[in-house]
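The first sequence lines up with residues 2 to 559 when you count with the working numbering.
Beta carbons: idealized from backbone N, C-alpha and C, even for Gly.
Here the structure comes first, spelled out in structure tokens, and everything after it is commentary.
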Amino acid sequence: MSYKLKIQEQIKKAVSELFGEDNELPNASIERTKTREHGDVATNIAMVLSKPQKRNPIDIAEDIKKNIKIDGGLISHIEIAKPGFINIVVGDYALAESLIEICKQSSGFGFSPPNSKEKVLIEYVSANPTGDMHIGHGRQAVLGSSLVNLLKANGHEVSSEFYINDYGEQIQKLSETSWAIYKKLNNEHYEWKEDFYPEDIILPFVKKILEKTPLFTAKEKLGEIVKDLILESQKELLEKCNVKFDKWFSETGLHKDKKVDETINKLKENNLLYEDEGALWLKAKDMGDVRDRVFIRSDKRPTYLVADIAYHIDKFNRSGNLITIWGADHHGQEVSLKGGLKALGYDDKKLEIIFVQLVSLKKDGQEYKMSKRAGTFVTIKELLDEVGVDAFRYFMIESHTDNRMIFDIDLAKKQDKDNPVYYIQYAHARCCSIFRQISQTDLKINTEELLNQLNQDPTIFMNLFKANNQEYSATKSLILKILDFPDEVVQAGKNRAPNRIANYLKELATDLHGFYTSCRVISKNNDLTKARLGLIYATKITISNGLKILGITAPESM
RNA sequence: GCGCCCGUAGCUCAGUGGAUAGAGCAACCGCCUUCUAAGCGGUCGGUCGGACGUUCGAGUCGUCUCGGGCGCGCCA
């Protein structure tokens, strides 16, 4: 049990002794303080109790304080502050005990037991197989893969999926484009339409195919192979970014298996469709949408939206909880998708759609929309080649998904050194470096033996606190920060916000660097050296576990 | 016009209703005979777009308003 929970229990006990057991206080909390002047943790419980008890919060706080044991073990000091805060200074012994727990849990520190929570299926990226993925897809890819890791860290059974839009207009257009390029390469007459995909992107794929199979009679066949090649290249690129999917789900398969027809029939049975101008429409406006939506075109082909409902039904049949990540430009589809699902008896609250705001570009101080034609288009590959996968992922995960990302190309290129990811990685490398050093000294400290010792005996860690003020302060800050990690993982998971982990790691790195600067780890004092080594080990583990969630490497040296 | 998202330091952004709003970059001043200076310490920088409300307490919640982005196709 964490020191925080232990303190919480003590307070609960004190409160129930004073005011009775049945005090439900949803607004009461115990949280880490921002400044040392307010202790290490604080609770607002006296202020929350003030109204129902009709008493001054300060008086209540004083009473609670009297009922709490202050012996330097769990709690070493309590102070009542202004409006009614109870500020608590955590005892050194409780911290030493907590450090032991971390060493024991090691690479599992901060993580809930695997598959201890419900199943979640996350669908993301799902880019069209029609060419290069831009950094907008990159943002979704990094978010999605980090979220997969994050929810796993929270104990969920998670699977991930990429929905391949290999059906309909887009793929038709891909066939037409490929066919025209094919004809051109054979010096035959060809027609180039305005809305075709860019020649420079499709051309290499067609060329590659023609090396093996020079003759084609059907453009659909050619288009099919081009699509497969593009998919393969997307897969490779995403894997380079540490983005992997458990399943690549084909939209065409959905049509072949009559899943789309089934969905249409069910919607018909439920009287949710009507005919107009030769097309079948969903009564979406009744569901709160801005207008009704076409589900079957007048030429009898189903639209993307009805296929997406069929796809989500398929996902629901495989997993109780769904997360779908979309670019913000798709938010208009949410109401009809959820409305359709709800009307067919699925719980739309079990489908969570995360909208990732768009990425726009900044070049020479001016903002642009990403556009191939205007030359303001940055692909994942370009950026990846420029800054490497770690910096790429950090860049993409750093800011919250609700924020529009304005991507400064020049800054990103410059950022190879300035990127905060190196600050975090350097902290990890420093920890590793100390362990390398210790093996070279004549100190009789064997790392493995030390860790075995640290697993059981808190008295070794008590040596950490025999220090001057500056050392003590740096040490305690670092310990408290490490101990925040499990809470951060939970909070980040609940909020679907892996960027919080990035933020947390930055703060942890700051505390490590601070500790490193003011506390020398390897010294003549053997006990102190052991204790500090243990703390460095705990730090290293925490950074590494956090970076693992973000899909970023934790280098041993830099 | 309607719907979704965002307005926090010069720039990029953090900030589960808590106390004196924080980092990084940029600018300026310091710190390497000792475990990696990709580091540390300090200075400068703010009407949290604005107004009203809820609350013991609001950057955070609500209403309104101003500014920006996106969407409102028989495209996906």
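Kindly list the residues whose CB is nearer than 7 Å to the CB of Val261, restricted to its own chain and excluding five residues on each side of it in sequence; keep chain order. Leu255, Pro303, Val307, Ala308 and Ala311
So does the segment 408-426 actually touch the segment 507-524, counting three or more Cβ pairs closer than 8 Å? yes
Could you check how far apart the C-beta atoms of Ile314 and Leu345 are, in whole angstroms? I think they sit under 8 Å. 7 Å
So which of Ile165, Val149, Asn546 and Phe462 has the shortest CA-CA distance to Glu98? Phe462
Could you give the DSSP three-state label for Thr530: helix, strand or coil? helix
Tell me the rounded alpha-carbon separation between Thr36 and His401. One Cα belongs to Thr36, the other to His401, and the distance between them is close to 25 Å.
What are the start and end residues of the beta strand (DSSP E) that includes Glu195? That residue, Glu195, is in no beta strand (DSSP E); it is neither H nor E in DSSP.
For Ala475, does the three-state DSSP call read helix, strand or coil? helix
Is the separation between the beta-carbon of Leu560 and that of Leu451 shorter than 8 Å? Only positions 2 to 559 of the chain appear in this structure, which leaves residue 560 out of reach.
Nearest-angstrom Cα separation, counted from Gln173 out to Ile297: 18 Å
Which parts of the segment 141-204 are runs of the alpha helix (DSSP H), unbroken and 4 residues or longer, counting only runs that do not cross its ends? 170-186
Should the segment 356-366 be called in touch with the segment 326-346, which here means at least 3 C-beta pairs below 8 Å? yes
Is the segment 209-222 close to the segment 174-188, with three or more CB pairs under 8 Å? In this structure the segment 209-222 lies against the segment 174-188, because at least three pairs of beta carbons, one per stretch, are closer than 8 Å.
Going by other Cβ atoms of all chains shown within 10 Å of its Cβ, with 16 needed for buried, is Tyr275 buried or exposed? exposed
Alpha carbons only, please: which of Lys105, Ser77 and Leu96 is nearest the one belonging to Gln454? For Gln454, the nearest C-alpha among the options comes from Lys105.
Relative to the C-alpha of Ala389, which candidate in Arg405, Met371, Phe378 and Gln416 has its C-alpha closest? Note that residue 389 is Gly in the sequence shown, not Ala. Per the Cα distances, Gln416.
Taking only the alpha-carbon atoms, compute the straight-line gap between Leu385 and Ala285 and give it to the nearest angstrom. 41 Å
Going by DSSP, what residue range makes up the beta strand (DSSP E) through Asn322? Asn322 to Gly328
Whole-number beta carbon distance between Leu100 and Ala539, since they are thought to touch under 8 Å: 6 Å
Are Leu551 and Ile381 closer than 8 Å when you measure CB to CB? no
Note down, one range per segment and in chain order, each alpha helix (DSSP H) of at least 4 residues found wholly within the segment 363-449. 381-388, 390-398, 410-419 and 421-441
Between which two residues does the beta strand (DSSP E) carrying Thr218 extend? Where Thr218 is concerned, there is no enclosing beta strand (DSSP E), given that its DSSP letter is neither H nor E.
If we call anything under 8 Å between Cβ atoms a contact, is Ser147 one with Leu122? no
Rounded straight-line distance, which links the Cα of Trp193 to that of Val295: 29 Å
Counting only runs that start and end within the segment 206-294, where is the alpha helix (DSSP H) found for 4 or more residues in a row? 220-241, 252-257 and 260-270
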